[in-house]
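Following: one structure in structure tokens, then a few remarks.
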Amino acid sequence: MPPLSVPSRREALGLLSAGIALGLGACSKPSEELVPYVVAPERLLPGVPVRYATALSLGGWARGVHAIAVDGRPIKIEGNPLHPGSRGATDVFAEAAILDLYDPDRSRTVTERVNGIASWDMVGRALAVPLAQARRAKGEGFRLLTGHVTSPTLLHQIASLLQAMPEAVWHVHEPLNDAAALRGAELAFGRPLRALPDPGRAETILCIGADPLGPSPDQIRFSRALMDRRRDSARFGRIYVAETALTQTGIKADARYALHPHHAGALLAALSNHLGAALPAPDLPPEAARFAAAAASDLRGAEGRALVLVGDALPPELHALGHWINGRLKAPITYTVPLDVAGDRAPADLATLAADLDAGAVSCLAILDCNPAHTAPADLAFAEKIGRAGFSLHAGLHGDETAGATHWHLPLAHALESWSDLRALDGTASLVQPLVRPLYGGRSAHEILSLLAGEPATAGYDIVRATWHDQGGGNFEGWWRRALHDGVIPDSAAAPVEPGAARLPSLPASPNAGFAIELRADPCLYDGRYANNAWLQECPKPVSKQVWGNALALSEGEAARRGLKAGDVVTLGLGGRQVEVLVAVESGVAEGAGALTLGYGRPRAGAIGNGVGADGYSLATTAAPRLLSGVNLAKTDRRGNVLRTQTYTQIEGETRKLFRQIALVDLAQAAPKGSGAGQPSLLDPWRGDADGHAWAMVIDTHACIGCNACVVACQSENNVPVVGPEEIARGRMMHWLRVDLYDSGTPDAVRAGFQPVPCMHCEHAPCEPVCPVAASVHDGEGLNLQVYNRCVGTRFCEANCPYKVRRFNFFGYADGQPYATMGAESIKAQHNPNVTVRARGVMEKCTYCIQRIANERQASERDGRPMDPVVTACQSACPTRAITFGDLAKSGDPILALRRDPRHYALMEELNTRPRTTYLADLHAPNPDLGGRT
Numbered sequence: 032m033p034p035l036s037v038p039s040r041r042e043a044l045g046l047l048s049a050g051i052a053l054g055l056g057a058c059s060k061p062s063e064e065l066v067p068y069v070v071a072p073e074r075l076l077p078g079v080p081v082r083y084a085t086a087l088s089l090g091g092w093a094r095g096v097h098a099i100a101v102d103g104r105p106i107k108i109e110g111n112p113l114h115p116g117s118r119g120a121t122d123v124f125a126e127a128a129i130l131d132l133y134d135p136d137r138s139r140t141v142t143e144r145v146n147g148i149a150s151w152d153m154v155g156r157a158l159a160v161p162l163a164q165a166r167r168a169k170g171e172g173f174r175l176l177t178g179h180v181t182s183p184t185l186l187h188q189i190a191s192l193l194q195a196m197p198e199a200v201w202h203v204h205e206p207l208n209d210a211a212a213l214r215g216a217e218l219a220f221g222r223p224l225r226a227l228p229d230p231g232r233a234e235t236i237l238c239i240g241a242d243p244l245g246p247s248p249d250q251i252r253f254s255r256a257l258m259d260r261r262r263d264s265a266r267f268g269r270i271y272v273a274e275t276a277l278t279q280t281g282i283k284a285d286a287r288y289a290l291h292p293h294h295a296g297a298l299l300a301a302l303s304n305h306l307g308a309a310l311p312a313p314d315l316p317p318e319a320a321r322f323a324a325a326a327a328s329d330l331r332g333a334e335g336r337a338l339v340l341v342g343d344a345l346p347p348e349l350h351a352l353g354h355w356i357n358g359r360l361k362a363p364i365t366y367t368v369p370l371d372v373a374g375d376r377a378p379a380d381l382a383t384l385a386a387d388l389d390a391g392a393v394s395c396l397a398i399l400d401c402n403p404a405h406t407a408p409a410d411l412a413f414a415e416k417i418g419r420a421g422f423s424l425h426a427g428l429h430g431d432e433t434a435g436a437t438h439w440h441l442p443l444a445h446a447l448e449s450w451s452d453l454r455a456l457d458g459t460a461s462l463v464q465p466l467v468r469p470l471y472g473g474r475s476a477h478e479i480l481s482l483l484a485g486e487p488a489t490a491g492y493d494i495v496r497a498t499w500h501d502q503g504g505g506n507f508e509g510w511w512r513r514a515l516h517d518g519v520i521p522d523s524a525a526a527p528v529e530p531g532a533a534r535l536p537s538l539p540a541s542p543n544a545g546f547a548i549e550l551r552a553d554p555c556l557y558d559g560r561y562a563n564n565a566w567l568q569e570c571p572k573p574v575s576k577q578v579w580g581n582a583l584a585l586s587e588g589e590a591a592r593r594g595l596k597a598g599d600v601v602t603l604g605l606g607g608r609q610v611e612v613l614v615a616v617e618s619g620v621a622e623g624a625g626a627l628t629l630g631y632g633r634p635r636a637g638a639i640g641n642g643v644g645a646d647g648y649s650l651a652t653t654a655a656p657r658l659l660s661g662v663n664l665a666k667t668d669r670r671g672n673v674l675r676t677q678t679y680t681q682i683e684g685e686t687r688k689l690f691r692q693i694a695l696v697d698l699a700q701a702a703p704k705g706s707g708a709g710q711p712s713l714l715d716p717w718r719g720d721a722d723g724h725a726w727a728m729v730i731d732t733h734a735c736i737g738c739n740a741c742v743v744a745c746q747s748e749n750n751v752p753v754v755g756p757e758e759i760a761r762g763r764m765m766h767w768l769r770v771d772l773y774d775s776g777t778p779d780a781v782r783a784g785f786q787p788v789p790c791m792h793c794e795h796a797p798c799e800p801v802c803p804v805a806a807s808v809h810d811g812e813g814l815n816l817q818v819y820n821r822c823v824g825t826r827f828c829e830a831n832c833p834y835k836v837r838r839f840n841f842f843g844y845a846d847g848q849p850y851a852t853m854g855a856e857s858i859k860a861q862h863n864p865n866v867t868v869r870a871r872g873v874m875e876k877c878t879y880c881i882q883r884i885a886n887e888r889q890a891s892e893r894d895g896r897p898m899d900p901v902v903t904a905c906q907s908a909c910p911t912r913a914i915t916f917g918d919l920a921k922s923g924d925p926i927l928a929l930r931r932d933p934r935h936y937a938l939m940e941e942l943n944t945r946p947r948t949t950y951l952a953d954l955h956a957p958n959p960d961l962g963g964r965t
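Pasting the structure below:
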């Protein structure tokens with residue numbers, strides 16, 4: 032933040048006169064020439080949002096979305112209910128994609144490493160010579176490196192390129208991939224198959240090192256199906272989780288065990304023996320053996336409705352054993368043949384490319400939309416080897432680490448600026464359509480690949496249409512418009528195959544002894560591709576609540592044995608490589624192991640992401656990209672600050688009252704708890720909702736997986752500013768909605784749950800009577816409003832709010848004093864025009880998306896009909912539909928039934944604030960053989 036000081040008398044008078052002059056100038060005409068529409072664009076109504084169905088990629092896989100634009104400006108992302116990968120919801124990455132579109136650090140021009148700024152014509156001429164040589168040699172020496180590709184059009188282009196140059200090689204590098212799972216399927220079934228589990232039919236689930244509710248392309252689909260089933264108490268089932276450190280799935284588990292990753296194979300072997308495998312008896316700790324026996328008993332009893340999931344960090348042999356177990360259990364899994372191949376050519380891996388570069392066999396290297404210089408295993412030293420190619424170019428959204436290592440860098444168009452197509456995990460294809468022309472002159476991957484193929488310049492639109500030209504019978508145009516409208520291509524899912532009986536694999540030798548670290552996907556930055564996204568840097572991690580960085584998670588016991596405390600800086604060493612990282616002491620971490628998320632420590636991410644956190648990739652190896660053994664941990668004499676939005680606080684006896692938890696066996700005896708409306712009060716009695724509506728919200732804490740999609744959706748919808756790490760360190764944040772984590776267990780036996788906390792919109796709101804200027808008021812529909820132009824910044828309302836949901840603009844975070852590049856003109860284009868951008872000195876908070884209520888009211892009055900249901904931003908984003916918003920004054924509204932649910936309760940109802948935001952208790956089914964929920 033810029034330093035602030037008290038102005039002198041002279042300066043104060045100068046500011047006053049300048050303000051008067053500006054005020055008078057605001058009444059005059061602007062100096063620029065204004066040109067109105069002569070012929071308005073078709074279907075464009077000023078100020079009216081327009082939705083476009085498209086798809087966004089994560090790890091190459093599609094999540095169908097609706098992109099919302101106002102006056103030609105994309106401002107918001109919501110889920111497409113017709114798409115199997117999103118089902119109408121989003122994740123944090125989809126919500127934050129809109130900010131990436133407007134990122135001022137995006138590449139704006141073609142650049143050459145020596146001469147700097149260049150042009151597309153110049154790179155075309157430079158590329159002509161090595162391409163001509165490669166064609167004469169039938170592609171020998173030509174290498175194409177991409178991320179994971181599911182686009183049918185891009186795969187067709189790659190296949191055509193390889194057909195024209197048969198000696199060329201296509202390589203794929205995706206840092207967080209399912210390579211171990213595919214190889215495990217090949218060991219089990221004799222061919223690589225992709226498994227798609229159905230948690231909607233699996234009532235007993237065991238996860239070993241797997242986090243299906245955590246960050247992944249399948250998070251939305253899996254969590255929605257799981258929670259839809261668990262809403263039926265007769266099919267509630269039980270979830271077992273064995274993992275190195277606490278995850279979102281571990282928090283939702285009914286039985287959890289903190290498992291050292293070296294024991295994962297032994298646990299699977301013990302489980303297999305309970306199912307008749309007759310493997311050598313594994314050496315398991317007694318508690319782990321007890322956990323395996325309890326899980327095996329439940330799994331056997333739910334044959335046909337049982338499922339075992341193995342984490343991607345574990346070796347292929349353990350995945351193969353998981354397939355064998357699922358075969359014995361008749362698990363509800365659909366197997367498909369991978370569709371991500373280019374004709375009959377499967378891609379080679381990154382290690383093969385590194386070897387070719389070492390051997391001097393690469394004359395022309397093209398890297399398309401991936402960043403191996405940062406994400407490649409450290410033992411490959413890939414950034415150095417890129418320079419050994421005779422000619423190299425990189426196409427990407429940013430001038431990242433790989434862009435700095437190649438001869439040429441080409442700006443890539445964003446997914447919201449380009450035409451393409453993508454497949455979901457089940458194979459369903461979707462068309463990707465642009466909402467705006469490229470802001471910075473980038474080109475799509477299809478157009479760049481066309482350039483590499485030496486073809487005439489062709490628009491991405493024409494390239495994609497050519498892929499699907501034989502669809503729709505004799506009415507291709509009608510089929511095309513319907514596919515664009517719906518966001519899915521009908522009957523395009525992969526056909527299921529019968530895998531046959533799984534073979535029992537030979538188990539690998541136990542890893543080397545010593546300290547182990549599991550490298551994980553970061554729940555906010557994923558693999559690091561979102562490092563320059565300020566919304567995601569400031570989004571709290573679901574479990575640790577850390578922002579603006581990562582830290583090595585250790586258990587209390589492990590930290591005590593090593594003489595470490597939270598905030599200590601340690602050096603991690605492996606294979607001659609070292610990295611320094613902060614220590615975070617957390618519950619639920621296995622002894623002798625730790626966990627570190629990936630995606631940080633980047634030197635060329637951009638103004639937001641440069642130098643934030645520690646680079647976990649610098650320790651990864653080709654043989655063990657995600658699971659490190661024998662790591663040397665040494666304490667330094669320095670300390671740092673683990674920035675969190677929620678600190679660890681022990682409150683004796685209060686957790687069970689603040690966060691209600693009910694065992695499934697006790698549900699029949701449970702009774703709904705009200706909001707305190709029957710208690711006596713000295714305040715004036717609530718006189719009802721004079722305008723005919725009574726807005727309220729119910730949040731199901733059992734369905735909440737803590738993913739933070741609601742938090743980022745609220746930030747996008749309501750122009751919530753970013754404050755930066757310095758302000759977070761002072762205890763300041765601006766999110767209107769937070770997700771609290773409560774744990775009523777112990778550090779070794781976690782019993783935790785998530786509780787989203789927006790404004791309570793209390794009927795007896797403590798914030799209202801203390802405001803001296805009536806900026807905090809109630810309206811006739813039960814909403815607690817904040818009138819921004821009345822607020823004088825006393826902060827009395829914030830002090831008097833027991834829920835601590837009010838946020839104060841200590842600086843002009845969105846108005847004159849933004850963090851880093853967040854004040855750029857391009858960022859302002861993302862702002863929702865229906866929501867005021869708040870100035871310094873103003874209090875703000877959740878409004879129940881009042882702008883959406885107003886829009887629906889206006890539409891109903893215009894059409895002469897009752898108001899349709901209003902969907903808030905947080906509600907629309909939630910993958911599990913944990914949030915329900917409705918009208919208590921409307922007969923038959925679903926929210927009325929939820930308030931009568933036996934699990935219903937109000938947060939701190941004893942205060943008699945009578946909140947309109949209430950909750951449903953967390954529900955769990957502990958195994959009595961394990962002594963309750965662990």
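All letters in the sequence shown, in the order written, are residues 32 to 965 by this note's numbering.
We treat Cβ as the ideally placed atom computed from N, Cα and C, and that holds for glycine.
Bear in mind that the values here come from a model prediction, so they are computed numbers and not experimental data.
The alpha helix (DSSP H) enclosing serine 891, as first and last residue numbers: 881-894
C-alpha distance - valine 788 paired with leucine 227, whole-angstrom precision: So the two alpha carbons sit approximately 33 angstroms from each other.
Whole-Å CB distance - tryptophan 767 paired with arginine 947, under 8 angstroms assumed: Going by Cβ atoms, the distance from tryptophan 767 to arginine 947 rounds to 15 angstroms, so no, they are not a contact pair.
Residue range of the beta strand (DSSP E) that includes isoleucine 340: Looking at the sequence provided, one finds leucine at residue 340 rather than isoleucine. Leucine 340 -> beta strand (DSSP E) spans 337-341.
Span of the alpha helix (DSSP H), counted from its first residue to its last, around phenylalanine 322: 317-332
Euclidean distance between Cα positions of alanine 645 and threonine 142: 29 angstroms
Assigned secondary structure, glycine 54 (DSSP; H/G/I helix, E/B strand, else coil): Any reading at glycine 54 is ruled out, since the residue's pLDDT is 44, under 50, leaving its predicted position unreliable.
Proximity below 8 angstroms, CB of glutamine 692 to CB of serine 775: yes
Alpha-carbon to alpha-carbon, proline 864 and arginine 845: The question names arginine, yet the displayed sequence has alanine at residue 845. In this structure, the straight-line span from the alpha carbon of alanine 845 to that of proline 864 is close to 14 angstroms.
Three-state class that DSSP yields for isoleucine 108 in the structure shown: Here isoleucine 108 sits in strand by DSSP.
Range of the contiguous alpha helix (DSSP H) that encloses glutamate 126: 123-132
Cut-off 6 angstroms between Cβ atoms - residues of its own chain near alanine 851, not counting five sequence neighbours on either side: If the five residues before and after alanine 851 are omitted, its C-beta is found closer than 6 angstroms to the C-beta atoms of Ala638 and Ile639, all from its own chain and listed in chain order.
Residues sharing a beta bridge with glutamine 786, DSSP: Asp771
Environment of glycine 992 [buried if 16+ CB atoms lie within 10 Å]: No statement about residue 992 is possible, as the shown extent of the chain runs from 32 to 965 and does not include it.
Cβ distance (whole Å) where leucine 659 is taken to contact valine 601 below 8 angstroms: About 14 angstroms; that fails the 8 angstroms criterion.
Length of the line joining the Cα atoms of aspartate 431 and proline 135: 14 angstroms
Burial state of lysine 169 (16 or more Cβ within 10 Å): exposed
Contact check, arginine 255 vs arginine 118, beta carbons under 8 angstroms: yes
Proline 403 versus isoleucine 108 - alpha carbon distance: 29 angstroms
Distance, phenylalanine 785 Cα to aspartate 771 Cα: 6 angstroms
Any C-beta of chain D under 8 angstroms from that of leucine 659: Reference to chain D is not applicable here, since this structure consists of a single protein chain.
Simplified DSSP state of leucine 207, which is helix, strand or coil: coil
Strand pairing of asparagine 663, partner residues [DSSP]: Gly604
Start and end residues, beta strand (DSSP E) containing asparagine 815: 815-817
Segment contact, 8 angstroms Cβ cut-off, at least three pairs: the stretch 354-369 with the stretch 666-673: Contact between the stretch 354-369 and the stretch 666-673 is absent, because fewer than three Cβ pairs lie under 8 angstroms.
Distance, alanine 84 Cα to alanine 100 Cα: Straight through space, the alpha carbons of alanine 84 and alanine 100 are spaced by roughly 11 angstroms.
Run of the alpha helix (DSSP H) containing histidine 438, from where it starts to where it stops: From DSSP, histidine 438 is part of no alpha helix (DSSP H); its letter is neither H nor E.
Option in Asp779, His500, Ala159 and Leu207 with minimal Cα separation from proline 487: Ala159
Glycine 962 versus alanine 956: straight-line alpha-carbon distance, rounded: 12 angstroms
Contacts around valine 372, its chain only, beta-carbon distance under 6 angstroms, and the 5 residues preceding and following it disregarded: For valine 372, there are no CB contacts under 6 angstroms within the same chain when 5 residues up- and downstream are skipped.
Cβ pair count under 8 angstroms reaching 3, the stretch 514-521 against the stretch 453-460: yes
Minimum length 3: unbroken beta strand (DSSP E) runs contained in the stretch 566-638: 583-585, 599-605, 608-616 and 624-628
Exposure label - glutamine 700; buried when at least 16 CB within 10 Å: Counting Cβ neighbours within 10 Å, glutamine 700 comes out exposed, since fewer than 16 surround it.
Residue interval of the beta strand (DSSP E) (run including glutamate 549): Per DSSP, glutamate 549 belongs to the beta strand (DSSP E) from 547-551.
From His862, Thr278 and Leu919, residue whose alpha carbon lies closest to that of arginine 931: Taking only the C-alpha atoms, the option nearest arginine 931 is Leu919.
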